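One structure below.
Okay, structure coming up:
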């Protein structure tokens, strides 16, 4: 009888033995670098791969003296394959990534990595590296990577499968620059400062944005002091200055950092050439509470290549007229009564050097008196750029009635986006000046600027030649009946004029003596009244502009009326000056009178004047009133 049971038992035992074999029988262990030629300033990537590692497997990474390990990370990937009617096959791949940098130049060797499990040891092959001085170029995201073995090549149907970790290699900064553009300083890899600019080549006057960051792999407590770079050849404006540390995650050469923005400034180069941005410095405290540690860090320096503006632009155009600008003209009213002010605003909106751009000056016809403008700025940084508006506000006083035109204004500028010179223009504005309440219109509108000036300066309220004709008396003469000296009234009529002349002479003598005393008394009274009026105005110098300047003007006009013995309140400035000249007032005093009255007009209608200006008006008004006969 044949015995068959023992054969089946042997096969079952063999199958059980194969199943019970340790998992590390198929372990695959190797290492590779992303490039074999690097510089001493470059960061390269070493990848160590273990296929189907046991649970107790331990990997010992190479630690050569010639290389510095900046960071390390680990990831695990599993794959399931179906093989016919058999059970599914599961394969696990563990990947270790080390970011490294060479410490010296030459032909260097990375030693093998070591894997230990179940009393057994595996070693990878060593890797030869060529290291040169400085920065060779390329990095983890762009270098020609060394071809790594496919860990799933033995799986049916999975040959040539893409590396499951390929997407983990590249990361990009928010501004679009690749991470390897930022160099990690040697010795300060855990905490360093980095300065960046958004453009390396610009035109004169074009904005460059400078940003200063902290890159940290440790906890930060505070930033105690920040010294910004010296900016010779630049005009700078703050764009962003955070008051609290607020970090965001960023990867540099495969190494995760927490970044903190310290300052962001807009730089406007004022000359061409290669301009240097010196390193910034900061004192930074790491850790928390009493365990903090204070360190000093210095950022990298930068250079900006500044090109001169291309030819063909307006002669003498300032470098601040670079950017994108729009000019507009705003008039408070287009119909105004004579003697009332008009406010004209010249507005320049756009992006660029807002605080240094110069709007065109307002040009007005001779029938208007234009006072010096006041300038206001409003800066609104937007998307890392300086934007805003500059406004020049003019006070315009019409001097005569009629319809006049404010001419169009032009603002030339250079647009760096298009590389061309542009011109922003406004439309002309018509202003109609009407007679005031109770007043009369001045002479008709002039047909030319010269005629307009003559009409504005001619004397008003003067009778023209031929305006009145002389009176003529016609009489009829008859011969008297008796001689004149024979009539009774002849002797009294002859003696009466003599007596009147004598009486008038005596009266004039007495009156002259009395009048000298009365005139001096009246002058003292007028001076006293003027000082009293000015004292009232002095009390108002810190209050309303209209009340202060109105009181000063009343004091001066009342004094002039007393001196000239005629009302002067309704006279124009030219007519008043003519009347003072007729009265024998010297030119210097007439000029001072005109200055005081015009300053009072400007002070009542223009924005508030400085205290020093009010003091000067008080002094000039007092000088007008005192020493009149000197």
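In mature numbering (1 follows the signal peptide of the UniProt record, and there is no 0), the protein residues as written are -25 to -1, 1 to 605.
Idealized CB from N, CA, C, for every residue including glycine.
All figures in this text were calculated on a predicted structure; none of them were measured in a lab.
{"Item": "C-alpha distance - residue 408 paired with residue 310, whole-angstrom precision", "Value": "6 Å"}
{"Item": "Pairwise C-alpha distance: residue 194 and residue 51", "Value": "28 Å"}
{"Item": "Nearest residue (CA-CA) to residue 109, options 308, 465, 235 and 17", "Value": "17"}
{"Item": "Contact between the region 269 to 284 and the region 173 to 190 (3+ Cβ pairs under 8 Å)", "Value": "yes"}
{"Item": "Cβ-based burial, residue 379 [other Cβ within 10 Å; buried from 16]", "Value": "buried"}
{"Item": "Through-space distance from residue 259 to residue 196, alpha-carbon basis", "Value": "8 Å"}
{"Item": "Bounding residues of the beta strand (DSSP E) (the contiguous stretch that carries residue 199)", "Value": "195 to 202"}
{"Item": "Integer Cβ distance of residue 86 from residue 39, believed to fall under 8 Å", "Value": "6 Å"}
{"Item": "The region 218 to 236 touching the region 358 to 369, judged by at least three CB pairs closer than 8 Å", "Value": "no"}
{"Item": "Backbone secondary structure at residue 85 - three-state DSSP", "Value": "strand"}
{"Item": "Beta-bridge pairing of residue 92 - partner residues as DSSP gives them", "Value": "95"}
{"Item": "Complete runs of the beta strand (DSSP E) confined to the region 264 to 320 [at least 3 residues]", "Value": "268 to 273, 277 to 282, 298 to 306 and 310 to 312"}
{"Item": "Touching by the beta-carbon criterion (3+ pairs, under 8 Å), the region 1 to 9 and the region 20 to 28", "Value": "yes"}
{"Item": "For residue 382, the nearest candidate out of 339, 297 and 523 (CA to CA)", "Value": "339"}
{"Item": "Sequence ranges, beta strand (DSSP E) only - wholly within the region 6 to 40, length at least 3", "Value": "12 to 14, 19 to 26 and 33 to 35"}
{"Item": "Nearest neighbour of residue 306, chosen from 297, 405 and 596 [CA to CA]", "Value": "405"}
{"Item": "Proximity of residue 170 and residue 361 at Cβ, strictly below 8 Å", "Value": "no"}
{"Item": "Residue environment, residue 566, which counts as buried when at least 16 other CB atoms sit within 10 Å", "Value": "exposed"}
{"Item": "Residue 106 - containing beta strand (DSSP E), residue span", "Value": "102 to 107"}
{"Item": "Buried versus exposed, by CB contacts within 10 Å (16 or more), residue 485", "Value": "exposed"}
{"Item": "Cβ-based burial, residue 216 [other Cβ within 10 Å; buried from 16]", "Value": "exposed"}
{"Item": "Cα-Cα separation, residue 157 to residue 172", "Value": "12 Å"}
{"Item": "Alpha carbon of residue 564 to alpha carbon of residue 544, nearest angstrom", "Value": "18 Å"}
{"Item": "Straight-line Cα distance separating residue 302 from residue 587", "Value": "34 Å"}
{"Item": "Within 8 Å, strictly: CB atoms of residue 596 and residue 509", "Value": "yes"}
{"Item": "Inter-residue spacing [alpha-carbon to alpha-carbon] between residue 267 and residue 198", "Value": "12 Å"}
{"Item": "Segments of 4+ residues assigned as alpha helix (DSSP H) that fall wholly inside the region 523 to 570", "Value": "548 to 557"}
{"Item": "Burial state of residue 386 (16 or more Cβ within 10 Å)", "Value": "buried"}
{"Item": "8 Å CB neighbourhood of residue 523 in its chain, flanking five on each side removed", "Value": "512, 515, 516, 578 and 589"}
{"Item": "Local Cβ density within 10 Å of residue 540, reported as buried at 16 or more and exposed below that", "Value": "exposed"}
{"Item": "Whole-Å CB distance - residue 614 paired with residue 238, under 8 Å assumed", "Value": "Residue 614 is absent from the model: the chain starts at -25 and stops at 605."}
{"Item": "Segment contact flag, the region 291 to 298 with the region 326 to 340, C-beta cutoff 8 Å, min 3 pairs", "Value": "yes"}
{"Item": "Residue 485 - DSSP class collapsed to helix/strand/coil", "Value": "helix"}
{"Item": "Residue 47 in three-state terms, based on DSSP", "Value": "strand"}
{"Item": "Contact check, residue 332 vs residue 365, beta carbons under 8 Å", "Value": "yes"}
{"Item": "6 Å Cβ shell around residue 350 - same chain, five flanking residues per side excluded", "Value": "367"}
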